[in-house]
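Mapping of the sequence shown onto my numbering: residues 12 to 189, in sequence order.
Even for Gly, the Cβ is constructed at its ideal location relative to N, Cα and C.
Nothing here was measured: the structure is a model prediction, and the numbers come from that model.
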Amino acid sequence: MTLLLTVLLLCQAEPSEAAKKARAGLDAVRVEVKKLEDIQERMGKMREQFQAGSDDEERLKKLARLRDDLIKEFQAIRVTTVKAMDELIASTTEALKAAPEDPGLLDVRSEAYLIYGKFDLALPDLAKLVKLRPDDKALIFKVARLERDLNRFEAAAAHIEVYLKLDEKNVEARVLLA
């Protein structure tokens, strides 16, 4: 078993330099997206404080200033994040012209599209990845869930059936198929 696992790990190709660069870009974008989520959470807490009300006018002014600062910070990060995401997708698309079957590039671009909320654009890359990695259960299940979420039930069912051939006892997959 250990020998088989070692052989499988050795057979997996190292990601290309373009894929490594794209992955680093995606990781940087994720950091910025996390900052945006944190700001939204802080704004939600601040909204609760406003709704709680207060007779202290100074406190309300301070909260308003903090809210305005958070909005400015959010907008600045959002602009740079959108620009970085657009550049990441463009550079990955360009790199895929030279290496259309590079799984690292396909993976990065599909993840970028998913983060961006462009689910329909992620599906072709994910379909190529499934062809390149037909035994990747996590990938197949991810595609099945995405297709289900996009109301592509027949395609989702087909991927779940493929998944169940690899892991026939998975309860979540069986429920998704039902």
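Quiz item: Between which two residues does the alpha helix (DSSP H) containing ALA39 stretch?
Solution: As a first step, residue 39 must be located in the sequence shown, where it is residue number 28. Run containing ALA39: 28-63, per the alpha helix (DSSP H) assignment.
Quiz item: Would you say LEU117 and LEU157 are within 9 Å of each other, going by their C-beta atoms?
Solution: Here residue 117 corresponds to residue number 106 of the sequence shown, with the count starting at 1. Here residue 157 corresponds to residue number 146 of the sequence shown, with the count starting at 1. In this structure, LEU157 does not lie closer than 9 Å to LEU117 by Cβ.
Practice problem: For GLU43, I'd like the list of residues in its chain whose CB is within less than 8 Å of its CB, leaving aside the five on either flank, ordered along the chain. | Solution: The count along the sequence shown starts at 1 and reaches residue 43 at position 32. Excluding positions up to five away in sequence, the list reads ILE88, THR91, THR92 and ALA95.
Exercise. Decide if GLY115 is buried, meaning its Cβ has at least 16 other Cβ atoms within 10 Å, or exposed.
Key: The residue you call residue 115 lines up with position 104 of the sequence shown. Buried: at least 16 other Cβ atoms inside 10 Å.
Exercise. Write down the C-beta distance between HIS170 and VAL182 rounded to the nearest angstrom, noting that I regard them as a contact closer than 8 Å.
Key: Counted from its first residue, the sequence shown places residue 170 at position 159. Counted from its first residue, the sequence shown places residue 182 at position 171. Not a contact, Cβ separation roughly 17 Å.
Exercise. Check ARG8 in the structure and name its three-state DSSP category.
Key: Residue 8 is absent from the structure shown; the chain starts at 12 and stops at 189.
Quiz item: Quick one: what's got a C-beta closer than 6 Å to ALA167's C-beta in the same chain, skipping five residues either side?
Solution: Looking up residue 167 in the sequence shown gives position 156. Its chain contains ALA155, GLU158 and ARG159 as the residues whose beta carbon lies nearer than 6 Å to that of ALA167, once the 5 sequence neighbours on both sides are disregarded; these appear in chain order.
Self-check item: Proximity below 9 Å, CB of ALA106 to CB of ALA184
Solution: Along the sequence shown, one-based indexing puts residue 106 at 95. Along the sequence shown, one-based indexing puts residue 184 at 173. Contact flag unset, no.
Exercise. Would you tell me roughly how many angstroms separate the C-alpha atoms of GLU84 and ARG41, rounded to the nearest one?
Key: Your numbering for residue 84 matches position 73 in the sequence shown. Your numbering for residue 41 matches position 30 in the sequence shown. Approximately 17 Å, taken between the alpha carbons.
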